[in-house]
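Student: Reading the sequence shown from the start, the letters are residues 457 to 827 in my numbering.
Even for Gly, the Cβ is constructed at its ideal location relative to N, Cα and C.
Note that the structure is a prediction, hence the values are computed from the model and not measured.
First the structure, which I've put down as structure tokens, then a few questions once you've had a look.
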Amino acid sequence: MFGKTRPPLRVVADNSRGSEGAPWGGGPPRAAEGGLWDIAAEVRRLVVGQNEALDGILPYLDAYRAGLAPEGRPAGVFLLLGPTGTGKTKTVESLAQAAHGDAKCVVKVNCGEFQLDHEVAKLIGAPPGYLGHRETQPLLTQSRLAAATSARLNLALVLFDEIEKAAPSLVRLLLGVLDKGVLRLGDGTSVDFERTFVFFTSNLGARNIERHLRPRFTFAGCGAARETSGQKLHHLAVEAARRFFPPEFMNRVDAVFTYQPLSAGSLERILDQLIGEIQTQISTRLMSRQFLLDVRPSARRLLLDRGTSPEYGARELKRALFRFLLHPLSAMVVDQRIPPGATVRVQAARNGARLAFRIGDRERAGREQAA
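Written out as structure tokens, the structure reads:
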């Protein structure tokens with residue numbers, strides 16, 4: 457029957473199209489309230505600069521919600537490769553936000569915590585009769601998967617973050633999950649993974665990618681580097697994964713995606729999102745003391761210049777935003793230097809090394825406060 461036939465492994469670079477090849481077979485999921493395209497549109501709004509990866513992942517969501525997902529195995533198994541800070545974990549969190557209303561609605565396994573074979577027992581629990589059986593409760597249980605679903609979509613998202621850091625025994629343990637959709641716990645009970653998307657993230661090949669990009673990496677030039685290097689970076693990442701993981705693991709992955717370094721335009725969009733999140737926090741947490749942020753182009757350029765690096769991608773941008781914008785702004789709030797309803801204009805200081813904050817309202821218009 458169709459549910460027993462595996463779709464071929466699809467390896468997709470970020471700059472290549474091809475969203476065909478969705479899986480088939482399987483029973484219908486629980487009815488959803490919202491439309492499929494509402495979820496897809498929200499994911500695309502949240503994940504910036506990786507459209508081709510989304511073009512490959514979202515069809516598996518189509519198949520699941522149509523009741524045509526494969527039987528006897530997870531509804532989708534994905535390996536997300538590429539440098540840090542390019543949106544791999546963000547993709548999973550955004551799916552959770554769009555599907556379940558909470559970005560934290562993910563069963564996340566930090567594989568760096570399972571680098572030794574004996575630590576893997578924490579995932580499935582110790583067998584009865586072994587020392588510590590009662591104290592070692594399994595981390596991957598049916599109840600935990602159920603808690604990661606919602607009334608809108610009966611699908612749990614399971615993330616094995618930085619899978620290359622895990623002990624080889626963890627990869628071997630997961631082979632049965634990826635093939636049969638079942639995890640056998642230490643006490644002999646089983647966990648059903650049929651109604652799950654399983655994601656693996658990895659930075660394998662990131663150092664080779666960094667060396668390939670470093671000679672020409674600047675904020676202004678990262679878009680050109682992306683266009684000329686997409687296929688090369690894809691090749692570097694996938695070859696590193698094939699050298700590291702056993703063939704049995706790679707053959708059980710439905711699709712491999714290589715996340716490319718973010719373009720200048722993507723970084724600008726991410727900065728807009730991050731500033732928008734700060735404004736939302738100001739509005740929802742400060743209540744009657746809320747104010748408006750007006751971040752000028754000169755401030756945005758400073759944040760992008762200081763927050764762009766080939767090693768950390770958008771994560772460096774978050775650090776720069778905290779250092780140059782959020783921290784000084786927090787000090788002004790604590791000191792009650794911002795009147796309720798004021799507009800805080802943020803621009804680069806004359807020395808170009810920090811941001812300057814100008815508070816504008818009826819009583820204090822024109823007063824500039826540099827943090």
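Of all the options GLU704, ARG698 and SER786, which has the alpha carbon lying nearest to the alpha carbon of ARG741?
Tutor: Here residue 741 refers to the residue found at position 285 of the sequence shown. Residue SER786 is the option with its Cα nearest to ARG741.
Student: Around the Cβ of GLY769, are there at least 16 other Cβ atoms within 10 angstroms (buried) or fewer (exposed)?
Tutor: For the purposes of this step, residue 769 is taken as residue 313 along the sequence shown, with counting starting at 1. GLY769 comes out buried.
Student: Would you be able to state if there are at least three C-beta pairs under 8 Å between the stretch 621-638 and the stretch 706-722?
Tutor: Flag = yes, the stretch 706-722 and the stretch 621-638 touch.
Student: Between the alpha carbons of LYS546 and GLY557, how many angstroms are there, rounded?
Tutor: Position 90 of the sequence shown, counting from 1, holds the residue named residue 546. Position 101 of the sequence shown, counting from 1, holds the residue named residue 557. Using only the alpha carbons, I get a separation of about 14 Å.
Student: Just how far apart, CA to CA, sit MET788 and LEU781?
Tutor: Taking the first residue of the sequence shown as position 1, residue 788 is located at position 332. Taking the first residue of the sequence shown as position 1, residue 781 is located at position 325. Looking at the two C-alpha atoms, the distance is approximately 11 Å.
Student: Please list, in chain order, all residues of the same chain as ALA554 whose beta carbon is under 6 Å from its beta carbon, the five residues on each side excluded.
Tutor: Numbered from its first residue, the sequence shown carries residue 554 at position 98. Here the set comprises ILE495, GLU498 and VAL499.
Student: As a quick exercise: from LEU615, LEU629 and ARG745, pick the residue whose alpha carbon is nearest that of ARG791.
Tutor: Within the sequence shown, numbered from 1, the residue matching residue 791 stands at position 335. Looking at the sequence shown, residue 791 is not Arg but Asp. The shortest C-alpha separation from ASP791 is found at ARG745.
Student: How should LYS560 be labelled, buried or exposed, when 16 other C-beta atoms within 10 angstroms of its C-beta is the threshold for buried?
Tutor: Here residue 560 refers to the residue found at position 104 when the sequence shown is read from its first residue. With fewer than 16 other Cβ atoms within 10 Å, it is exposed.
Student: So, LYS774 versus LEU730, is the Cβ gap smaller than 8 Å?
Tutor: Translated into the one-based positions of the sequence shown, residue 774 becomes position 318. Translated into the one-based positions of the sequence shown, residue 730 becomes position 274. Yes, they are a contact pair.
Student: Would you mind working out which of ARG752, HIS574 and ALA603 sits nearest THR799, comparing C-alpha positions?
Tutor: Here residue 799 is taken as the residue at index 343 of the sequence shown, counted from 1. When each option's Cα is compared against that of THR799, the closest is ARG752.
Student: For LEU615, does the three-state DSSP call read helix, strand or coil?
Tutor: For the purposes of this step, residue 615 is identified with residue 159 of the sequence shown, where counting begins at 1. Strand, per DSSP.
Student: Name the two residues that bound the continuous beta strand (DSSP E) containing GLU814.
Tutor: Mapped onto the sequence shown, residue 814 falls at position 358. Note on identity: in this sequence residue 814 is Arg, with Glu being the wrong assignment. It spans 811-816 - the beta strand (DSSP E) in which ARG814 sits, taken as one unbroken run.
Student: Can you check which of these residues, ARG698, VAL627 and LEU760, is closest to LEU660 by C-alpha distance?
Tutor: Reading the sequence shown from its first residue, position 204 is the one you call residue 660. Of the listed residues, the one whose Cα sits closest to LEU660 is ARG698.
Student: So is PHE813 buried or exposed if we call it buried at 16+ other beta carbons inside 10 Å?
Tutor: Within the sequence shown, residue 813 is the residue found at index 357, counting from 1. So PHE813 ends up on the buried side.
Student: Any idea which residues DSSP pairs LYS564 with across the strands?
Tutor: Residue mapping note: residue 564 aligns to position 108 of the sequence shown, counting from 1. Beta-bridge pairing links LYS564 to LEU615.
Student: Can you name the residues that DSSP bridges to ALA554?
Tutor: Here the question's residue 554 lines up with position 98 in the sequence shown. Per DSSP, none; premise fails for ALA554.
Student: Buried or exposed for GLU695, please, with buried defined as at least 16 other CB atoms from any protein chain shown within 10 angstroms of its CB.
Tutor: As a working mapping, residue 695 is identified with position 239 in the sequence shown. Looking at its Cβ environment, which holds fewer than 16 other Cβ atoms inside 10 Å, GLU695 is exposed.
Student: Using 8 Å as the threshold, is the stretch 537-544 in touch with the stretch 594-610, meaning 3 or more CB pairs across them?
Tutor: The answer is no - the stretch 594-610 does not touch the stretch 537-544, with fewer than three Cβ pairs under 8 Å.
Student: Specify the secondary structure class of GLN571 as computed by DSSP and reduced to three states.
Tutor: For the purposes of this step, residue 571 is taken as residue 115 along the sequence shown, with counting starting at 1. Coil.
Student: Taking only three categories from DSSP, how would you classify GLY474?
Tutor: What you label residue 474 is simply residue 18 of the sequence shown in a count that begins at 1. With a pLDDT of 34 at GLY474, under the threshold of 50, the predicted position of this residue should be treated as unreliable, though the coordinate-derived value follows. GLY474: coil per DSSP, three-state reduction.
Student: So what does DSSP say about LEU749, is it helix, strand or coil?
Tutor: In the sequence shown, counting from the first residue as 1, residue 749 sits at position 293. LEU749: strand per DSSP, three-state reduction.
Student: In this structure, does DSSP put ARG801 in helix, strand or coil?
Tutor: For the purposes of this step, residue 801 is identified with residue 345 of the sequence shown, where counting begins at 1. Looking at ARG801 - three-state DSSP - the assignment turns out to be strand.
Student: Measure from the alpha carbon of LEU850 to the alpha carbon of each residue in LEU758, LEU536, PHE656 and ARG651, then state which is nearest.
Tutor: Because the chain spans 457 through 827 in this model, residue 850 falls outside it and cannot be assessed.
Student: Going by beta carbon distance, what residues of the same chain come within less than 8 Å of ALA531, once the five residues before and after it are set aside?
Tutor: Your numbering for residue 531 matches position 75 in the sequence shown. Cβ within range, chain order: PRO479, GLY482, TYR516, ALA519, TYR520, ALA525, LEU611, GLU650, ARG651, THR652 and PHE653.
Student: Here's the rule: buried if 16 or more other CB atoms are within 10 angstroms of the residue's CB, otherwise exposed. What is THR736?
Tutor: Locating residue 736 in the sequence shown gives position 280, counting from the first residue. Flag for THR736 reads exposed.
Student: Using the C-alpha atoms, what's the distance from PRO624 back to PHE701?
Tutor: For the purposes of this step, residue 701 is taken as residue 245 along the sequence shown, with counting starting at 1. For the purposes of this step, residue 624 is taken as residue 168 along the sequence shown, with counting starting at 1. If you take the alpha carbons of PHE701 and PRO624, they lie about 9 Å apart.
Student: Classify GLY538 as buried or exposed, calling it buried when 16 or more other Cβ atoms lie within 10 Å of its own Cβ.
Tutor: Position 82 of the sequence shown, counting from 1, holds the residue named residue 538. Buried, since its Cβ has 16 or more Cβ neighbours within 10 Å.
Student: Classify VAL638 as helix, strand or coil using the three-state DSSP reduction.
Tutor: Indexing the sequence shown from 1 puts residue 638 at position 182. VAL638 falls in the strand class under three-state DSSP.
Student: State the Cα-Cα distance for the pair LEU689 and THR714, rounded to the nearest angstrom.
Tutor: Against the sequence shown, residue 689 aligns to sequence position 233. Against the sequence shown, residue 714 aligns to sequence position 258. Their backbone Cα atoms lie some 8 Å apart in a straight line.
Student: Which value, in whole angstroms, describes the spacing of the CA atoms of ASN664 and VAL503?
Tutor: Position 208 of the sequence shown, counting from 1, holds the residue named residue 664. Position 47 of the sequence shown, counting from 1, holds the residue named residue 503. In a straight line, the C-alpha of ASN664 is about 25 Å away from that of VAL503.
Student: Determine the DSSP secondary structure at THR547, reduced to helix, strand or coil.
Tutor: As a working note, residue 547 is residue 91 in the sequence shown. DSSP places THR547 in helix when its eight states are reduced to three.
Student: Would GLY642 pass as a contact of GLY581 if the rule is Cβ separation under 8 Å?
Tutor: Start at 1 with the first residue of the sequence shown, and residue 642 comes out as number 186. Start at 1 with the first residue of the sequence shown, and residue 581 comes out as number 125. Taking 8 Å as the Cβ cut-off, GLY642 and GLY581 qualify as a contacting pair.
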